[in-house]
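In what follows, a single structure is set out as structure tokens and then discussed.
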Amino acid sequence: EKPLADTAAHGKELIRIARSRNLVLQVGHQERFVFNAMGVFDIDEAPRR
Numbered sequence: 005e006k007p008l009a010d011t012a013a014h015g016k017e018l019i020r021i022a023r024s025r026n027l028v029l030q031v032g033h034q035e036r037f038v039f040n041a042m043g044v045f046d047i048d049e050a051p052r053r
């Protein structure tokens, strides 16, 4: 997983801010790299709706 912050102190500060504003704090992860590794972008057929 990706780190929430570069230091524990910065992570705690982010948590404090999120709690004070009643927000969800989470680490983002872009799946486009995983899909690329799986070959999803090599499919010639258009997606169906």
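Just add 4 to the spot in the sequence shown (first one is 1) and you have this note's numbering.
C-beta atoms are modelled at their ideal positions from N, C-alpha and C, and glycine is treated no differently.
request  = For M42, decide whether its Cβ has a neighbour in chain D, counting only Cβ atoms nearer than 9 Å.
outcome  = The structure shown contains no chain D; it holds only a single protein chain.
query = Helix, strand or coil: which one does DSSP assign to E17?
reply = One-based indexing of the sequence shown puts residue 17 at position 13. If DSSP states are grouped into helix, strand and coil, E17 belongs with the helices.
ask   = How big is the Cα-Cα spacing for A13 and H33?
value = Sequence index remark: in the sequence shown, residue 13 carries index 9 (1-based). Sequence index remark: in the sequence shown, residue 33 carries index 29 (1-based). Roughly 22 Å separates the two Cα atoms.
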